[in-house]
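Below you'll find the structure, written out as structure tokens, and then a few comments.
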Amino acid sequence: MFMHRFVRTVLTVCLAGVTLAACDSGKPAAEGTGGTKASESLCGVALSDTARRSLQDLVGVEDYETLGSDQGAKDTAKDLVGDFETGQTSSDHELCRAFVPSAEARATSVAFSLESKTPKDPASSFTQYELGVTALAKASNAVLYLKCSSSQFQESGKAEVLLRGELLNMSTSLPDTERTREENLTVLHAASRALIEQLGCEKDAGLPAQFSAPQKA
Numbered sequence: 327m328f329m330h331r332f333v334r335t336v337l338t339v340c341l342a343g344v345t346l347a348a349c350d351s352g353k354p355a356a357e358g359t360g361g362t363k364a365s366e367s368l369c370g371v372a373l374s375d376t377a378r379r380s381l382q383d384l385v386g387v388e389d390y391e392t393l394g395s396d397q398g399a400k401d402t403a404k405d406l407v408g409d410f411e412t413g414q415t416s417s418d419h420e421l422c423r424a425f426v427p428s429a430e431a432r433a434t435s436v437a438f439s440l441e442s443k444t445p446k447d448p449a450s451s452f453t454q455y456e457l458g459v460t461a462l463a464k465a466s467n468a469v470l471y472l473k474c475s476s477s478q479f480q481e482s483g484k485a486e487v488l489l490r491g492e493l494l495n496m497s498t499s500l501p502d503t504e505r506t507r508e509e510n511l512t513v514l515h516a517a518s519r520a521l522i523e524q525l526g527c528e529k530d531a532g533l534p535a536q537f538s539a540p541q542k543a
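The sequence shown runs 327 to 543 under the working numbering.
Put into structure tokens, the structure is as follows:
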């Protein structure tokens, strides 16, 4: 059964607490962390008008705050290269978290990891889309798999790795509609484009510059 990572449930604990920064994956606060107001970017990831509106819809406000480095894509790329060098897979590295500091604990996070394979039998609650190797989405989260060939993953020549990106929503009030699923994928696509640029993936890892993700038949 396809499930999002248990470790990502730390969001629930963190956002229910008083101090968000103390919950930032156990890492020291980097420059740009601690609740930075940002309505046009996601921890340094430039957002198109469509992606920005999508994130605002998911979080529920126009002026959301972010938790994470202001060089989120660059830092996440370094983490993934480190995982490759140590043979680590399925270890999530949060690129950024957009949130509303309120009792409702509304937040949307994006994280990436290296994987050994794509899921054979995704849960029936997911809708599959033609984006990258494959993409899955529902109201609570979206997942995108990409194949990246880059010299950063191998000193001599280029190695191809399987990247997994996941967007996770904390809000339980989001409707499981086509609009919500596409908004999830739109934001995840923007973060993924920034990441593959930092990694130097050949042919942009097959990810189009403009978001387009038709449902798989």
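We put the CB at the ideal spot given by N, CA and C, even for glycine. Being a predicted model, the structure only gives us computed values, none of them experimental.
- With the rule of 3 Cβ pairs closer than 8 Å, the segment 393-401 does not count as touching the segment 477-491.
- The bridge partners DSSP lists for Gln-541 are Tyr-455.
- In this chain, the alpha helix (DSSP H) harbouring Phe-410 covers 398-412.
- Secondary structure note for Ala-465: it is in no alpha helix (DSSP H), with a DSSP letter that is neither H nor E.
- Partner residues in the beta bridge of Lys-473, as assigned by DSSP, are Leu-488.
- In chain order, Ser-380, Asp-383, Leu-384 place their CB closer than 7 Å to the CB of Glu-509, counting only its own chain and leaving out the 5 sequence neighbours on each side.
- Around the C-beta of Gly-491, 16 or more other C-beta atoms lie within 10 Å, and the residue is accordingly described as buried.
- A straight line joining the alpha-carbon of Cys-474 with that of Asp-389 spans about 33 Å.
- Leu-493 is the residue among Gly-394, Gly-532, Leu-493 whose C-alpha sits nearest the C-alpha of Ser-439.
- By the criterion of a C-beta distance shorter than 8 Å, Ser-538 is surrounded in its chain by Leu-457, once the five residues flanking it on both sides are discounted.
- By the Cβ criterion, the segment 414-421 is in contact with the segment 432-452, since at least three pairs of Cβ atoms, one from each stretch, lie closer than 8 Å.
- In this structure, the alpha-carbon of Glu-441 lies about 9 Å from that of Gln-414.
- Within the same chain, Cβ atoms closer than 8 Å to the Cβ of Val-426 are found at Val-385, Gly-386, Val-387, Tyr-390, Glu-391, Arg-432, Ala-433, the five residues on either side in sequence being excluded.
- When only Cα atoms are considered, Ala-372 and Ala-520 end up about 8 Å apart.
- DSSP places Glu-441 within a strand segment (E or B) once states are collapsed to three.
- Straight-line measurement puts the Cα of Arg-507 at about 14 Å from the Cα of Lys-542.
- A check of alpha carbon separations from Arg-378 across His-515, Val-407, Thr-453 identifies His-515 as the nearest.
- Under DSSP, the beta-bridge partners assigned to Glu-420 are Ala-437.
- By the 16-neighbour rule on beta-carbons within 10 angstroms, Thr-412 is exposed.
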